[in-house]
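Visitor: Take a look at this one; I'll ask things after.
There are 2 protein chains.
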Amino acid sequence: MNDTPPSSSAYARLCARAERIAVIGEALAMLGWDSSAMMPPGGAASRGDQIAVLSGLMHELATAPEVGDWLEAAEAEPPGSAWDQANLALLRHDHTRATAMDAALVEATARANAACEKVWRQARATSDFALVRPHLEQVVALAGQGARALAERTGLAPYDALMDGYQRGIASADVAPIFARYTAFLADALPRALALQAARPAPVRATGPFAVAAQEALCRQLSELSGLDYAHARLDRSVHPFCGGTRFDVRITTRYDEADFAQALMGVMHETGHGLYERGLPEAWARQPVGQAAGMGIHESQSLIIEMQACRSDAYLAWLSPRLADGFGADVAFAPDNLAALWRRVGRGLIRVDADEMTYPAHVILRFELERGLISGDLAVADLPGAWNEGMRALLGVVPPDDARGCLQDIHWYDGAFGYFPSYTLGAMAAAQLMAAARADLPELDAALASGELGVLTGWLRPRVHAQGSRLGFNDLLLAATGKTLDPGDFQNHLTSRYLTG
Amino acid sequence: MNDTPPSSSAYARLCARAERIAVIGEALAMLGWDSSAMMPPGGAASRGDQIAVLSGLMHELATAPEVGDWLEAAEAEPPGSAWDQANLALLRHDHTRATAMDAALVEATARANAACEKVWRQARATSDFALVRPHLEQVVALAGQGARALAERTGLAPYDALMDGYQRGIASADVAPIFARYTAFLADALPRALALQAARPAPVRATGPFAVAAQEALCRQLSELSGLDYAHARLDRSVHPFCGGTRFDVRITTRYDEADFAQALMGVMHETGHGLYERGLPEAWARQPVGQAAGMGIHESQSLIIEMQACRSDAYLAWLSPRLADGFGADVAFAPDNLAALWRRVGRGLIRVDADEMTYPAHVILRFELERGLISGDLAVADLPGAWNEGMRALLGVVPPDDARGCLQDIHWYDGAFGYFPSYTLGAMAAAQLMAAARADLPELDAALASGELGVLTGWLRPRVHAQGSRLGFNDLLLAATGKTLDPGDFQNHLTSRYLTG
Numbered sequence: 046m047n048d049t050p051p052s053s054s055a056y057a058r059l060c061a062r063a064e065r066i067a068v069i070g071e072a073l074a075m076l077g078w079d080s081s082a083m084m085p086p087g088g089a090a091s092r093g094d095q096i097a098v099l100s101g102l103m104h105e106l107a108t109a110p111e112v113g114d115w116l117e118a119a120e121a122e123p124p125g126s127a128w129d130q131a132n133l134a135l136l137r138h139d140h141t142r143a144t145a146m147d148a149a150l151v152e153a154t155a156r157a158n159a160a161c162e163k164v165w166r167q168a169r170a171t172s173d174f175a176l177v178r179p180h181l182e183q184v185v186a187l188a189g190q191g192a193r194a195l196a197e198r199t200g201l202a203p204y205d206a207l208m209d210g211y212q213r214g215i216a217s218a219d220v221a222p223i224f225a226r227y228t229a230f231l232a233d234a235l236p237r238a239l240a241l242q243a244a245r246p247a248p249v250r251a252t253g254p255f256a257v258a259a260q261e262a263l264c265r266q267l268s269e270l271s272g273l274d275y276a277h278a279r280l281d282r283s284v285h286p287f288c289g290g291t292r293f294d295v296r297i298t299t300r301y302d303e304a305d306f307a308q309a310l311m312g313v314m315h316e317t318g319h320g321l322y323e324r325g326l327p328e329a330w331a332r333q334p335v336g337q338a339a340g341m342g343i344h345e346s347q348s349l350i351i352e353m354q355a356c357r358s359d360a361y362l363a364w365l366s367p368r369l370a371d372g373f374g375a376d377v378a379f380a381p382d383n384l385a386a387l388w389r390r391v392g393r394g395l396i397r398v399d400a401d402e403m404t405y406p407a408h409v410i411l412r413f414e415l416e417r418g419l420i421s422g423d424l425a426v427a428d429l430p431g432a433w434n435e436g437m438r439a440l441l442g443v444v445p446p447d448d449a450r451g452c453l454q455d456i457h458w459y460d461g462a463f464g465y466f467p468s469y470t471l472g473a474m475a476a477a478q479l480m481a482a483a484r485a486d487l488p489e490l491d492a493a494l495a496s497g498e499l500g501v502l503t504g505w506l507r508p509r510v511h512a513q514g515s516r517l518g519f520n521d522l523l524l525a526a527t528g529k530t531l532d533p534g535d536f537q538n539h540l541t542s543r544y545l546t547g
Numbered sequence: 046m047n048d049t050p051p052s053s054s055a056y057a058r059l060c061a062r063a064e065r066i067a068v069i070g071e072a073l074a075m076l077g078w079d080s081s082a083m084m085p086p087g088g089a090a091s092r093g094d095q096i097a098v099l100s101g102l103m104h105e106l107a108t109a110p111e112v113g114d115w116l117e118a119a120e121a122e123p124p125g126s127a128w129d130q131a132n133l134a135l136l137r138h139d140h141t142r143a144t145a146m147d148a149a150l151v152e153a154t155a156r157a158n159a160a161c162e163k164v165w166r167q168a169r170a171t172s173d174f175a176l177v178r179p180h181l182e183q184v185v186a187l188a189g190q191g192a193r194a195l196a197e198r199t200g201l202a203p204y205d206a207l208m209d210g211y212q213r214g215i216a217s218a219d220v221a222p223i224f225a226r227y228t229a230f231l232a233d234a235l236p237r238a239l240a241l242q243a244a245r246p247a248p249v250r251a252t253g254p255f256a257v258a259a260q261e262a263l264c265r266q267l268s269e270l271s272g273l274d275y276a277h278a279r280l281d282r283s284v285h286p287f288c289g290g291t292r293f294d295v296r297i298t299t300r301y302d303e304a305d306f307a308q309a310l311m312g313v314m315h316e317t318g319h320g321l322y323e324r325g326l327p328e329a330w331a332r333q334p335v336g337q338a339a340g341m342g343i344h345e346s347q348s349l350i351i352e353m354q355a356c357r358s359d360a361y362l363a364w365l366s367p368r369l370a371d372g373f374g375a376d377v378a379f380a381p382d383n384l385a386a387l388w389r390r391v392g393r394g395l396i397r398v399d400a401d402e403m404t405y406p407a408h409v410i411l412r413f414e415l416e417r418g419l420i421s422g423d424l425a426v427a428d429l430p431g432a433w434n435e436g437m438r439a440l441l442g443v444v445p446p447d448d449a450r451g452c453l454q455d456i457h458w459y460d461g462a463f464g465y466f467p468s469y470t471l472g473a474m475a476a477a478q479l480m481a482a483a484r485a486d487l488p489e490l491d492a493a494l495a496s497g498e499l500g501v502l503t504g505w506l507r508p509r510v511h512a513q514g515s516r517l518g519f520n521d522l523l524l525a526a527t528g529k530t531l532d533p534g535d536f537q538n539h540l541t542s543r544y545l546t547g
């Protein structure tokens with residue numbers, strides 16, 4: 046696990062350093078999981094120190110002077126395989142990002158983000174934007190400085206340099222017209238979907254309570270049936286569900302509500318999609334940059350293709366229906382049509398995380414527009430609540446009655462994360478595009494889903510997405526897998542078929 | 046969490062470095078707990094790498110050239126408080142140990158230990174000493190080299206230099222006569238105790254099964270009642286029970302047997318004693334050497350004073366009896382006298398970890414004699430099984446029918462741990478000595494135990510043991526707390542009173 050001997054090539058030394066850094070990253074991932082799923086509250090302060098020290102060590106190892114020297118030397122060495130070349134390019138990319146900001150800016154940003162996030166918790170609880178406003182102003186100012194520093198080194202525009210930190214290979218100039226097209230689609234589709242929905246009888250809600258142990262057993266069973274190997278995974282509980290851990294040791298969490306099992310069940314299938322992706326990443330490159338996931342947008346596509354495309358399909362719901370009766374006892378609400386009506390409802394909501402798949406992009410589009418304005422300086426933080434509410438009215442026809450249900454609802458900006466939001470919708474659109482391509486390739490796909498079999502789908506995804514690691518950026522990966530860069534038409538077709546027919 | 050600025054004193058820089066190392070150690074402790082309590086089997090290989098890399102970083106930070114310079118400079122600075130002086134002495138002590146062996150020896154030892162431990166698992170399973178013998182020979186040879194290297198730097202005898210790594214402040218020259226005295230005591234006491242035990246009616250075994258959930262609830266309740274704050278602790282399950290985690294975040298594990306709740310219950314109280322010690326270590330020195338536990342012997346004294354001295358006392362059992370009925374339903378076996386007869390039986394057994402408190406020291410004395418011979422070279426590995434069996438016959442009058450129940454039973458030597466075993470009995474003796482002193486100081490102690498109250502005892506221990514950190518070595522700590530260095534008479538009095546009266 047140590048750096049290679051001095052006789053090795055510069056590239057070999059870079060790889061050895063990357064491996065060492067990746068292993069520390071694995072330790073950090075486990076500590077992060079533990080913080081959310083296991084840690085007693087009294088462990089929080091010392092855990093913060095542990096995370097800070099290990100993160101600091103990673104940064105030191107990544108930015109040490111010899112790394113720059115090795116990169117230059119490696120780039121002058123005879124080129125290796127295509128994978129090695131992609132890996133070297135990513136090593137350079139990561140080094141450029143890691144060294145773009147000076148230490149003072151990194152530290153000031155970390156401190157401002159931590160302080161703001163803390164105040165945000167109180168501001169959201171009391172719906173008091175004024176309380177957190179000065180903190181957010183500082184966070185935005187520092188994020189803007191960071192974006193400009195990254196832009197200078199990467200040649201990307203400042204906001205794109207931020208996006209690039211979450212998802213390589215797609216720029217805001219690609220995203221903006223796609224989002225504009227979706228906005229136009231939604232303006233037409235949403236009223237029609239709502240009218241169709243209103244014309245059908247209201248679905249029957251299942252009669253609870255649903256014992257947590259029974260929910261957990263069913264979640265685990267379906268997750269395993271999907272192909273996730275629990276010799277390399279765990280399912281636990283946390284307040285905010287997530288998929289953490291490492292590609293060797295996937296840690297899924299969920300939360301259980303005795304009145305409603307669907308949230309946990311579909312949540313676990315969503316996180317299972319993330320876990321399947323991690324498990325399918327190329328083993329031979331496990332601790333190199335090229336062996337990591339291709340970005341947050343692609344990661345989200347892998348969770349959504351399982352949860353939204355496969356598990357909410359008519360075929361899968363027909364198979365699931367008797368499994369629910371086995372797990373919880375018979376209930377008329379478990380009829381496949383009723384499950385579809387319950388779990389595929391659209392609505393004009395205020396909260397992103399509660400949104401259905403048709404309106405979710407509107408929440409993202411709003412944030413994309415606003416955060417571009419914040420970073421460019423065109424939108425002042427003071428004007429954010431008004432711009433938010435105006436955007437919600439324009440996009441979804443609803444106006445938050447308070448900022449807690451408006452611009453205070455998400456943690457991202459208050460923790461310094463700008464450029465992340467588009468990933469959610471890029472993932473949803475990529476999922477639809479991949480599913481359309483898979484369906485074209487696999488005549489047996491719907492029959493497989495109708496027998497609860499996700500292996501046919503993941504078998505298609507594995508070589509085309511999982512095993513590609515981060516060799517390709519977002520659009521290049523889609524191009525190779527589906528024959529075209531991101532095309533929102535597939536997602537719109539999916540929504541049309543699911544919500545605008547019958 | 047970074048090293049202090051260059052303007053600081055050398056001692057301040059040493060403390061900053063120690064803190065950084067300690068924080069990485071905390072991360073390692075959490076990963077160790079996870080490995081045993083949570084990790085799916087497929088995570089093992091990557092976890093090994095994580096532990097190796099973090100351990101390597103700790104070692105690098107501890108042995109970097111500047112540390113030696115800082116130590117010399119700090120020792121020339123005006124002395125600080127008594128605690129600072131003790132801390133500086135420990136920083137020197139730890140540095141001397143960390144740098145005594147050259148890197149090649151450290152690496153060869155780690156590799157030999159890992160290989161031997163792996164083969165030992167199979168050798169124990171098949172009771173095949175010959176299988177592991179060549180590995181153990183290598184481990185013993187390297188441990189001897191390491192001991193001599195440590196001895197040269199520390200001025201201790203080689204075996205004492207190994208003991209010093211687990212418990213500072215007591216040498217084999219102190220231990221040998223104490224163990225000899227105990228051997229003589231046992232030769233007389235054990236037959237008498239067995240005769241008395243045989244003359245009484247056999248105890249009634251409780252009628253199971255005891256549901257795991259009920260056992261777990263009771264274990265947690267009693268552990269909390271003992272004063273362990275579960276805002277800083279968890280109770281989980283593992284194959285081999287332990288107390289892990291950190292002083293901020295104690296992780297206790299146990300295993301449950303539906304046929305016998307006593308093992309889990311008394312096991313959890315044992316680990317709770319370890320946890321109370323960790324929680325009581327001096328907060329102000331949390332990440333400095335002087336703020337750590339004083340050694341494995343003192344640590345064991347804190348688990349045994351809770352489990353053996355307090356929780357198996359007549360007073361506590363009388364209080365516990367109705368709690369068991371509340372937890373599991375009434376059972377005649379729960380009568381206090383019957384619990385005492387069940388949980389305080391002596392016997393001539395083959396297995397250390399199953400031994401009662403009277404015969405346990407004989408198992409340790411055997412290992413102490415044998416491992417001194419292995420390290421000095423007076424005992425060849427080939428002669429170990431014979432010497433073991435002869436020792437068992439002499440000490441306890443039983444001879445193992447196979448090596449699995451003889452010299453293959455414990456992992457310690459096969460993993461390179463020599464000098465650890467005495468800690469168990471030093472701990473048992475220290476526990477009795479501390480309990481005798483506490484009882485003399487606290488007339489209300491038995492009344493408190495009779496109401497299930499361990500706070501009176503831990504309140505006495507906290508300033509005298511817990512809050513002392515590792516300021517004092519083993520004998521000095523006992524001297525300060527009880528007025529005398531280790532005196533096996535208190536332990537013998539305890540056993541006489543518990544097993545040789547009535």
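Note that the protein sequences, when read in sequence, are chains A and B.
Position in the first sequence (first residue = 1) + 45 = the numbering used here.
Position in the second sequence (first residue = 1) + 45 = the numbering used here.
Cβ coordinates follow ideal geometry from the N, Cα and C atoms, glycine included.
Remember, predicted model here, so these are calculated numbers, not experimental data.
Would you say Y275 (chain A) faces chain B, with C-beta separation under 8 Å as the test?
Guide: Numbered from 1 along the first sequence, position 230 holds the residue referred to as residue 275 (chain A). So, interface residue.
Visitor: Within the continuous beta strand (DSSP E) that includes C60 (chain B), where are the two ends?
Guide: Indexing the second sequence from 1 puts residue 60 (chain B) at position 15. Note, C60 (chain B): premise wrong, no beta strand (DSSP E); alpha helix (DSSP H) at 55-82.
Visitor: Taking 8 Å as the threshold, find out whether the region 318-332 of chain A comes into contact with the region 502-514 of chain A through three or more Cβ pairs.
Guide: Yes, the region 318-332 of chain A touches the region 502-514 of chain A.
Visitor: Looking only at C-alpha atoms, which of B:A221, B:H140, B:P286 sits nearest to L106 (chain B)?
Guide: What you label residue 106 (chain B) is simply residue 61 of the second sequence in a count that begins at 1. It is B:H140.
Visitor: Please compile the residues from chain B whose C-beta is within a distance smaller than 8 Å of the C-beta of E345 (chain A).
Guide: Numbered from 1 along the first sequence, position 300 holds the residue referred to as residue 345 (chain A). Simply none; closest approach about 25 Å.
Visitor: Please identify, using Cβ separations under 7 Å, the residues of the region 58-84 of chain B that lie next to chain D, in order along the chain.
Guide: Among the protein chains of the structure shown, namely A and B, there is no chain D.
Visitor: Under three-state DSSP, which class holds M46 (chain A)?
Guide: In the first sequence, counting from the first residue as 1, residue 46 (chain A) sits at position 1. Low per-residue confidence applies at M46 (chain A): pLDDT is 43, beneath 50, and the placement is therefore not dependable, though the value from the model is reported in the following sentence. Residue state, collapsed to three classes: coil.
Visitor: Using a Cβ-Cβ cut-off of less than 8 Å, list which residues of the region 276-287 of chain A approach chain B; keep chain order.
Guide: If the cut-off is 8 Å between Cβ atoms, the region 276-287 of chain A has A276, H277, A278, R279 near chain B.
Visitor: Which residues, in order along the region 286-315 of chain A, keep a beta-carbon less than 7 Å from a beta-carbon of chain B?
Guide: Correct list: T291, F293, D294.
Visitor: What residues in the region 138-156 of chain B have a beta carbon less than 9 Å from any beta carbon of chain A?
Guide: Cβ contacts with chain A come from no residue of the region 138-156 of chain B.
Visitor: Going by alpha carbons, who is nearest to R30 (chain B) out of B:V284, B:A256, B:R417, B:G191?
Guide: Chain B is shown only over 46 to 547; residue 30 (chain B) falls outside these bounds and no answer can be derived.
Visitor: Can you tell me whether E498 (chain B) is buried or exposed, with buried defined as 16 or more other CB within 10 angstroms of its CB?
Guide: One-based indexing of the second sequence puts residue 498 (chain B) at position 453. With 16 or more other Cβ atoms within 10 Å, it is buried.
Visitor: Anyone know if the C-beta pair for H277 (chain B) and D294 (chain B) falls short of 8 Å?
Guide: On the second sequence, position 232 is the one that residue 277 (chain B) refers to. On the second sequence, position 249 is the one that residue 294 (chain B) refers to. Yes, these two residues count as a Cβ contact at 8 Å.
Visitor: Please list, in chain order, all residues of the same chain as T299 (chain B) whose beta carbon is under 6 Å from its beta carbon, the five residues on each side excluded.
Guide: As a first step, residue 299 (chain B) is located in the second sequence; it is residue number 254 there, counting from the start. Hits under 6 Å: P286, A309, G312, V313.
Visitor: Do you know whose CA, among A:A72, A:P124, A:D281, lies nearest S54 (chain A)'s CA?
Guide: To locate residue 54 (chain A), count along the first sequence from 1; it is residue 9. Nearest of A:A72, A:P124, A:D281 to S54 (chain A), Cα basis: A:P124.
Visitor: Since E269 (chain A) and G318 (chain A) are thought to touch, with beta carbons under 8 Å apart, how far apart are those beta carbons, to the nearest angstrom?
Guide: For the purposes of this step, residue 269 (chain A) is identified with residue 224 of the first sequence, where counting begins at 1. For the purposes of this step, residue 318 (chain A) is identified with residue 273 of the first sequence, where counting begins at 1. Wrong, their Cβ atoms sit about 14 Å apart, outside the cutoff.
Visitor: Looking at I396 (chain A): is its Cβ nearer than 8 Å to the Cβ of T228 (chain A)?
Guide: Numbered from 1 along the first sequence, position 351 holds the residue referred to as residue 396 (chain A). Numbered from 1 along the first sequence, position 183 holds the residue referred to as residue 228 (chain A). For I396 (chain A) and T228 (chain A), no; Cβs fall outside 8 Å.
Visitor: Based on Cα-Cα distance, which residue from B:A216, B:M84, B:A234 lies nearest to H539 (chain B)?
Guide: In the second sequence, residue 539 (chain B) corresponds to position 494, counting from 1. Comparing Cα-Cα distances from H539 (chain B) to each of B:A216, B:M84, B:A234, the minimum goes to B:A234.
Visitor: Going by alpha carbons, who is nearest to D521 (chain B) out of B:F463, B:A131, B:G93?
Guide: Stepping through the second sequence from its first residue, residue 521 (chain B) is reached at position 476. Nearest C-alpha to D521 (chain B): B:A131.
Visitor: Please identify, using Cβ separations under 8 Å, the residues of the region 84-99 of chain B that lie next to chain A, in order along the chain.
Guide: Those residues of the region 84-99 of chain B that come within reach of chain A (Cβ to Cβ, closer than 8 Å) are M84, P85, P86, G87, G88, A90, S91, R92, D94, Q95, A97, V98, L99.
Visitor: Using a Cβ-Cβ cut-off of 7 Å (strictly less than) and excluding sequence neighbours within five positions of L116 (chain A), which residues of its own chain qualify?
Guide: In the first sequence, residue 116 (chain A) corresponds to position 71, counting from 1. Cβ neighbours of L116 (chain A) beyond the five flanking positions: L59, L136, R137, H140.
Visitor: Could you give the first and the last residue of the continuous beta strand (DSSP E) run that contains L280 (chain B)?
Guide: Your numbering for residue 280 (chain B) matches position 235 in the second sequence. Element bounds for L280 (chain B): 278-282.
Visitor: Sort out for me which residues DSSP pairs T298 (chain B) with in a bridge.
Guide: For the purposes of this step, residue 298 (chain B) is taken as residue 253 along the second sequence, with counting starting at 1. Beta-bridge pairing links T298 (chain B) to B:D281.
Visitor: Does the beta-carbon of N47 (chain B) have 16 or more other beta-carbons within 10 angstroms, so that it is buried, or is it exposed?
Guide: Sequence index remark: in the second sequence, residue 47 (chain B) carries index 2 (1-based). Residue confidence for N47 (chain B) is low, a pLDDT of 45 falling below 50, so the modelled location carries little weight; the figure read from the coordinates is stated next. Burial call: exposed.
Visitor: Quick one: what does DSSP say T541 (chain A) is sitting in, helix, strand or coil?
Guide: Within the first sequence, residue 541 (chain A) is the residue found at index 496, counting from 1. It is helical.
Visitor: Along the region 101-120 of chain A, where does the CB come closer than 8 Å to a CB of chain B? Name the residues.
Guide: Of all residues in the region 101-120 of chain A, G101, L102 have a Cβ within less than 8 Å of some Cβ in chain B.
Visitor: Count the other CB atoms within 10 Å of the CB of V284 (chain A); is the residue buried (16 or more) or exposed (fewer)?
Guide: Numbered from 1 along the first sequence, position 239 holds the residue referred to as residue 284 (chain A). With fewer than 16 other Cβ atoms within 10 Å, it is exposed.
Visitor: Excluding five sequence neighbours on each side, which residues of the same chain lie with their C-beta closer than 7 Å to the C-beta of P86 (chain B)?
Guide: Counting from 1 along the second sequence, the entry for residue 86 (chain B) is found at position 41. Answer for P86 (chain B): no residue qualifies.
Visitor: For a quick check, are the C-beta atoms of P248 (chain A) and L365 (chain A) less than 8 Å apart?
Guide: In the first sequence, counting from the first residue as 1, residue 248 (chain A) sits at position 203. In the first sequence, counting from the first residue as 1, residue 365 (chain A) sits at position 320. No, Cβ-Cβ distance for P248 (chain A) and L365 (chain A) is not below 8 Å.
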